[in-house]
Structures are given as structure tokens and as C-alpha cells.
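Asks: Numbering (my numbering), first residue to last: 8 to 289.
Here a beta-carbon is modelled for each residue, glycine too, at the ideal position from N, C-alpha and C.
Before I ask anything, let me first share the structure, which is written out below as C-alpha cells.
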Ligand code: ZDP
């Protein structure tokens with residue numbers, strides 16, 4: 008089959024977007040998504056995102072497959088890309104503000120296209136109880152703040168946050184010194200995380216500026232992670248290290264995060280890279 012797509016990136020976290028508005032299920036299987044994401048034999052991407060029709064008071068539904076074929080609940084950089092993709096499909100001017108209501112596995116998420124080209128997303132409330140992450144690092148009804156976790160022969164302090172998807176945030180003195188490719192899989196597959204986890208390593212530069220490197224569940228090292236940046240600032244506030252408004256510097260660039268009373272807001276770029284079609288043998 009021939010699959011038509013548009014490639015997008017948000018801070019170098021790259022996605023293959025598919026117009027799936029006229030079919031109730033994703034047009035591709037997880038195996039086909041893996042083939043598309045392959046950087047040598049396919050298009051290349053950290054995930055495939057499907058724009059489906061709405062429902063439950065939403066304009067559209069987002070579904071996503073990671074590059075390993077697993078399906079996460081949410082994707083922060085991806086939903087900014089989705090907002091731009093939808094505006095283009097609707098022939099909407101990208102110079103005027105517009106808010107979409109998107110149904111996701113993490114509930115209703117609302118990206119707002121801004122006239123300057125950035126996208127601001129109401130990411131909803133963070134979930135903090137151990138059973139909501141889910142993790143066994145603390146009793147089910149407790150928050151997971153600076154809990155000890157043993158991995159790769161040492162003890163780390165983990166603060167866990169769900170932005171719909173699971174995140175384990177670890178503060179370190181020097182993010183650049185970490186061997187992320189070696190350490191990351193030990194967190195992703197740690198027995199304390201029954202649904203696996205995304206892991207963010209954070210260096211606090213100042214209360215309103217932190218540096219982050221991420222190992223993503225199902226995708227490995229990526230240049231950025233939107234839900235992870237939100238989780239990092241929530242963890243920074245919970246551990247009294249950051250303000251509620253904070254810039255997160257990722258290898259692919261910066262995101263602005265605010266944890267307002269209840270909800271988290273994320274602002275960052277989303278850019279169309281190219282259109283294409285790929286023949287799938289599967
Ligand atoms: O939770 C997961 O399995 C993630 N790999 C999903 C993708 C998260 C993403 N990088 C983000 O920006 O939130 C897209």
C-alpha cells in the first residue's frame with residue numbers, strides 16, 4: 008500500500024503525520040508504523056501520529072505509535088505538530104490564533120496556534136500519585152518525590168509525574184556527563200514501572216532555567232520531549248528547585264513551561280518538514 012504523510016518536527020522530536028479523519032481506526036498497523044519510522048529503510052521519525060475525527064466534545068482525536076510500535080497515551084511535541092497539520096488540512100491561516108480540542112489517551116488536550124508560529128498547549132493537570140504513574144516506588148496513594156531507585160549499580164532520587172504518560176525525573180549535577188544510551192534502558196525497563204517509563208535527567212541552572220536530556224519509552228534518545236519537559240518542571244516545583252514558570256533547554260531547543268494552579272501549559276515550535284508518500288510492502 009501507498010501511505011501519504013507529512014513529516015513534522017518540534018525541537019527535533021520528529022513525527023510522521025497521517026490524515027486519518029475519514030476512518031475510525033489508524034490507517035496503519037503498529038508494524039507499518041515501525042517501518043515508516045526506520046531512519047535507514049523508511050521515512051524516519053520518533054513516532055507516527057494519526058489525526059482522527061473527534062467525539063466526546065472534541066474537534067479531533069490523536070493516536071500515536073512510538074518508533075517501537077507501542078502506543079503512548081500522549082505526546083507533547085507531537086500535539087503541537089498535530090495542531091499545525093490540522094490547520095493546514097483545514098486551509099486555516101497560520102497567522103491567526105486558533106484553539107483545537109483534541110481527544111487523547113490523557114483526556115482532552117488543547118493546543119492553541121499562536122500568530123508567531125509557536126503553539127501553546129493546555130496539557131491538563133499532572134497526576135502525582137504512585138498508582139497514577141504507575142510506579143511501585145511509593146505506596147499507591149502517595150506522591151513519589153525524591154524516592155530512592157537503584158539502577159546501573161547506583162542509587163538515584165526519582166520524582167515521578169504522569170502527564171497522561173509516565174515520567175521519572177532525576178536531578179543530576181551534570182547532564183552532559185551521563186552515558187544516556189547505557190543508563191536509559193535500565194530506567195525504561197525497571198521493575199518499579201509496570202508500564203515502563205520515560206526518564207528525564209535534569210540539571211538546574213537557575214530556578215527558571217533547567218537543562219534536560221531524555222530517554223523516551225519506546226523511542227530511546229530523542230532531541231526533545233514535551234510531556235517530559237512538563238513533568239520536569241512539575242518535579243522541580245515539588246522538590247523546591249524551580250519556579251512554576253521555567254524554561255527547559257533540550258538538545259533540540261527550548262520549551263517554556265508553566266504549572267498554573269492546576270494545569271500545565273507548554274509553549275514551543277512545530278514545523279512542517281516535507282510531504283511524501285511511501286510504499287509499504289507489509
Ligand atoms: O510515553 C511515551 O511512550 C513517549 N515516548 C511518547 C512520546 C512523548 C513525546 N516525546 C512528547 O513530546 O511528549 C512525543
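1. Report yes or no: do the stretch 208-221 and the stretch 242-252 share at least 3 C-beta pairs separated by less than 8 Å?
2. So, helix, strand or coil for residue 29, using DSSP?
3. Say the cut is 7 Å; is the CB of residue 79 nearer than that to a heavy atom of the ligand ZDP?
4. Taking its Cβ as the centre, do 16 or more other Cβ atoms sit within 10 Å of residue 146, making it buried, or is it exposed?
5. Which same chain residues, not among the five before or five after residue 44, have their C-beta less than 6 Å away from its C-beta?
6. Quick one: does the C-beta of residue 13 sit closer than 7 Å to a heavy atom of the ligand ZDP?
7. For residue 278, which residues from the same chain have a beta carbon less than 7 Å from its beta carbon, with the 5 sequence-adjacent residues on both sides left out?
8. Would you say residue 77 and residue 225 are within 8 Å of each other, going by their C-beta atoms?
9. Does the stretch 226-236 come close enough to the stretch 16-29 that 3 or more CB-CB pairs lie under 8 Å?
10. Do the CB positions of residue 202 and residue 181 come within less than 8 Å of each other?
11. Short of 7 Å in beta carbon distance, which residues of its chain neighbour residue 266, apart from the five on each side in sequence? Order them along the chain.
12. Taking residue 92 as the reference, which of 35, 281 and 286 has the closest Cα?
13. Among residues of its own chain, excluding the 5 on either side of residue 200, which ones have a beta-carbon nearer than 6 Å to its beta-carbon?
14. Heavy atom of the ligand ZDP less than 7 Å from the Cβ of residue 229, yes or no?
15. Taking the alpha carbon of residue 107 as the point to measure from, which residue in 96, 90 and 33 has its own alpha carbon closest?
16. Could you check the C-alpha separation between residue 110 and residue 28 for me, to the nearest Å?
17. Decide if residue 69 is buried, meaning its Cβ has at least 16 other Cβ atoms within 10 Å, or exposed.
18. Applying the criterion that 16 or more other CB atoms from any shown protein chain within 10 Å of the CB defines a buried residue, is residue 289 buried or exposed?
19. Ignore the nearest five residues each way along the sequence and tell me which others in residue 154's own chain have a CB closer than 8 Å to its CB.
20. Would the C-beta of residue 83 count as close to the ligand ZDP, meaning under 7 Å from any of its heavy atoms?
21. I'd like the list of long-range same chain contacts for residue 72, defined as Cβ closer than 7 Å, with 5 residues on each side in sequence excluded.
22. Following a CB-centred definition, is residue 224 positioned closer than 7 Å to any heavy atom of the ligand ZDP?
Replies: Answer, in terms of the structure:
1. In this structure the stretch 208-221 touches the stretch 242-252; the number of beta carbon pairs closer than 8 Å is three or more.
2. In this structure, residue 29 counts as coil in the three-state DSSP scheme.
3. At least one heavy atom of the ligand ZDP is nearer than 7 Å to the Cβ of residue 79, so yes.
4. Exposed, by the Cβ-count rule.
5. Excluding sequence positions up to five before and after residue 44, its CB lies within less than 6 Å of the CB of 52 and 74, all in the same chain and listed in chain order.
6. Short note on residue 13: C-beta not closer than 7 Å to any heavy atom of the ligand ZDP.
7. These residues qualify, in order along the chain: 15 and 16.
8. For residue 77 and residue 225, yes; Cβs fall inside 8 Å.
9. Yes, the stretch 16-29 touches the stretch 226-236.
10. For residue 202 and residue 181, no; Cβs fall outside 8 Å.
11. Once the five neighbours on either side are set aside, the close Cβ partners of residue 266 are 240, 241, 244 and 251.
12. That would be 281, whose Cα lies nearest to the Cα of residue 92.
13. The residues are 142.
14. Answer for residue 229: yes, Cβ within range of the ligand ZDP.
15. Nearest option by C-alpha distance: 90.
16. Using only the alpha carbons, I get a separation of about 13 Å.
17. Residue 69 sits buried, since 16 or more C-beta atoms from the chains shown fall within 10 Å of its C-beta.
18. Residue burial annotation: residue 289 is exposed, with fewer than 16 other C-beta atoms found within 10 angstroms of its C-beta.
19. Cβ neighbours of residue 154 beyond the five flanking positions: 144, 145, 164, 165, 166 and 167.
20. Remark: the shortest separation between the CB of residue 83 and any heavy atom of the ligand ZDP falls under 7 Å.
21. Excluding residues within five positions, the ones whose Cβ falls inside 7 Å are 37, 40, 54, 55 and 78.
22. Yes.
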